[in-house]
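Residue 303 is where the sequence shown starts when you use the working numbering, and the numbers rise one by one after that.
By construction, the Cβ of each residue, glycine as well, lies at the ideal position given by its N, Cα and C atoms.
Values in this document were obtained by computation on a predicted structure and should not be read as measured data.
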Amino acid sequence: MTKKFLKLSLAAAVVLIVLIVGFSYMSNDWQVVSNTFMKNSKPYGGGDFVISGNEAITLKISDPEITFKPYAEWKDKEKAEPAEAWMNDSRETLNRTSVEFWRGPVNGDMTRHFKQVGQTAAWWHAKDWTVEFISTGWMDYKSPQPADGLTPQVTKLWKSSNGGRDWVQLAWPEDRNIGRLLFLDPQRGYAIGWGPHVWRTSDGGQSWREIELPPGAADAGKPHRTFDGIDLGPDGTLRVAYHVEKSEHASAGSVVYRLGWEQSGFALDAVLPEQVIVSLSSSPTASDHYALYALSRLGEPRNFDNPADKGKRVGAISTWTNGAPEQVRQLHSFDDTLTLDSLSVGRDGLLLVYATDASRNGTPLDLTFVSSDGGKTWNSSREKTTQGGYFNAQTNTLYSLVAYTLKKRQF
């Protein structure tokens with residue numbers, strides 16, 4: 303065999319492998335933006351952040367800072383001793399977890415403008431960052447567990463009208479959980495929480511009206527149920543996705559319902575038979591015509607009561623348009639060794655699918671699958687474990703935070 307023929311054979315084999323697998327590995331074209339991002343935040347953590355030019359805002363869940371006694375005061379010289387007794391109590395540590403909002407330069411010291419107790423949070427910010435909303439959720443981990451196992455959560459809602467520098471608490475029933483905040487503008491928006499429940503405001507959060515759920519969305523036996531996917535389209539249409547069981551009229555699968563701002567109730571949008579949606583997103587566009595994308599697992603939901611069901615499912619990404627929701631097309635499938643985590647949709651056909659491969663021994667691999675042509679072809683890259691990330695759909699820029707290092711990747 304000649305060297306030339308050998309080279310051609312190897313090239314053909316590589317092409318064949320790519321065609322069989324459905325994607326190829328690509329290089330990580332990351333650029334370092336800062337090596338000191340949020341470094342002055344103690345305990346350290348980047349949280350959920352947004353970048354604009356050289357400035358950033360971030361919402362983070364912060365553990366209380368643990369300090370230790372001087373070595374001379376340790377009772378056991380082999381074990382560091384916390385300065386205060388509560389620091390040894392994991393439940394008390396959870397109770398002292400806080401929700402924080404920071405703002406400042408990407409390469410300089412940022413300033414904390416908001417801090418409230420809470421283990422969970424949701425937020426929304428205007429495009430110019432003038433107006434922000436934050437919901438905080440706090441549970442008392444030291445209280446006795448109720449008979450139903452559902453520890454009450456105290457939810458509070460906050461608003462800033464000057465870029466996050468000052469905050470006011472809005473009227474909100476504490477027993478109504480908020481998991482997502484989605485706004486069309488600073489006056490009109492939605493709060494979505496356990497149940498699930500959907501509330502709408504048209505006066506900047508001063509008052510809220512609950513929207514009746516679409517059929518089959520709620521389960522009386524699961525008061526903490528949430529939607530599997532939520533998206534607010536560029537035209538202000540809210541879409542929610544959830545799984546429904548098989549009935550005499552339809553097979554089991556996921557359904558997507560839509561709610562226009564001027565509408566008082568949900569209407570059926572799309573149906574994905576024998577699938578469980580894990581992420582739902584629309585393409586960013588200024589026109590009235592746009593695409594919807596759903597990341598899903600094929601088959602039934604995982605049965606946690608069955609030890610034989612390990613949750614392995616083939617993954618898929620499907621699409622339809624807002625003008626023809628009945629025409630759902632499957633674009634690509636992913637191996638059942640992958641756990642599909644989430645999806646980002648950018649401009650000009652850019653699709654990013656984030657997944658985890660735990661099929662091998664050792665630390666699971668974090669992967670990003672990339673398509674630049676609307677799902678026709680795919681590449682993938684291995685990623686480091688991150689402390690936060692942000693995707694700018696308008697510029698097709700992905701940011702990733704590893705330790706103090708903030709990087710960006712332009713597509």
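Whole-angstrom C-beta distance between residue j and residue i, which should lie under 8 Å
i	j	result
S583	D533	6 Å
T587	P536	5 Å
G555	V580	Wrong, their Cβ atoms sit about 14 Å apart, outside the cutoff.
S635	V647	Actually they do not touch by this definition, with Cβ atoms about 18 Å apart.
V557	R541	That pair is no contact at about 11 Å.
Q471	M441	The pair is not a contact, with the Cβ atoms about 19 Å apart (cut-off 8 Å).
L653	G677	6 Å
Coil, strand or helix - residue i by DSSP
i	result
Y701	strand
T432	coil
Y492	strand
W680	coil
W501	strand
A572	strand
W388	helix
E685	strand
Y544	strand
A519	coil
S374	For the record, residue 374 in the displayed sequence is Ala; it is not Ser. It is helical.
E512	strand
V616	coil
W622	strand
D533	strand
L486	coil
S549	coil
A596	strand
Q577	strand
R711	strand
A382	coil
G691	strand
R560	strand
I363	strand
S583	strand
S673	strand
G506	coil
Spatial distance of residue i from residue j (CA atoms)
i	j	result
T503	G690	30 Å
L667	A520	35 Å
M328	S682	The predicted model places M328 with a pLDDT of 44, which falls under 50 and marks its position as unreliable; any figure quoted below should be read in that light. Looking at the two C-alpha atoms, the distance is approximately 6 Å.
K614	L640	8 Å
T658	E375	45 Å
A596	A618	8 Å
S336	R649	26 Å
G538	S620	21 Å
F713	E576	33 Å
Y701	T413	21 Å
S585	W680	18 Å
R711	Y656	14 Å
L483	P446	30 Å
E434	I494	16 Å
S644	P372	45 Å
P488	E550	44 Å
F693	R631	25 Å
W460	I353	22 Å
W563	A610	45 Å
S326	T699	Any answer about S326 is weak, because its pLDDT of 39 lies below 50 and its placement is not dependable; what the coordinates show is given next. S326 and T699: Cα-Cα distance of roughly 21 Å.
V660	A387	Here residue 660 is Ala; the residue named in the question, Val, does not match the sequence. Computed Cα separation, rounded: 38 Å.
P498	V578	17 Å
Y443	K417	19 Å
S437	I513	19 Å
G491	P384	45 Å
A358	T432	13 Å
E465	N605	Going by the sequence as given, residue 465 is Gly instead of Glu. Roughly 45 Å separates the two Cα atoms.
E602	H415	45 Å
G531	S343	32 Å
S251	L708	Summary: the structure shown does not reach residue 251, with the chain confined to residues 303 through 713, and so no result is reported for it.
G664	D638	18 Å
F339	P345	13 Å
Ignoring anything shorter than 4 residues, give me the alpha helix (DSSP H) runs that lie fully in the segment 627–667, in order along the chain.
Counting only runs of 4 or more, we get nothing.
Count the CB pairs spanning the segment 361–373 and the segment 390–403 that are closer than 8 Å, and state whether there are at least three.
A contact exists between the segment 361–373 and the segment 390–403.
Kindly provide the ranges of any beta strand (DSSP E) runs that are 3 or more residues long and lie completely inside the segment 392–476, ordered along the chain.
400–407, 413–419, 422–427, 434–441, 455–462 and 470–472
With three or more C-beta pairs closer than 8 Å as the rule, is the segment 475–491 touching the segment 450–457?
yes
Give a yes or no on contact between the segment 339–357 and the segment 380–391, applying the rule of three or more CB pairs nearer than 8 Å.
no
Could you tell me whether the segment 586–594 touches the segment 510–528, where touching means 3 or more Cβ pairs closer than 8 Å?
no
Stretch-stretch touch, CB-based, cutoff 8 Å, three pairs: the segment 405–413 with the segment 383–394:
no
Just list the beta strand (DSSP E) runs in the segment 325–359, keeping only unbroken ones of 3 residues or longer that don't cross its boundaries, in chain order.
Listed in chain order, the complete beta strand (DSSP E) runs (minimum 3 residues) inside the segment 325–359 are 333–336 and 350–354.
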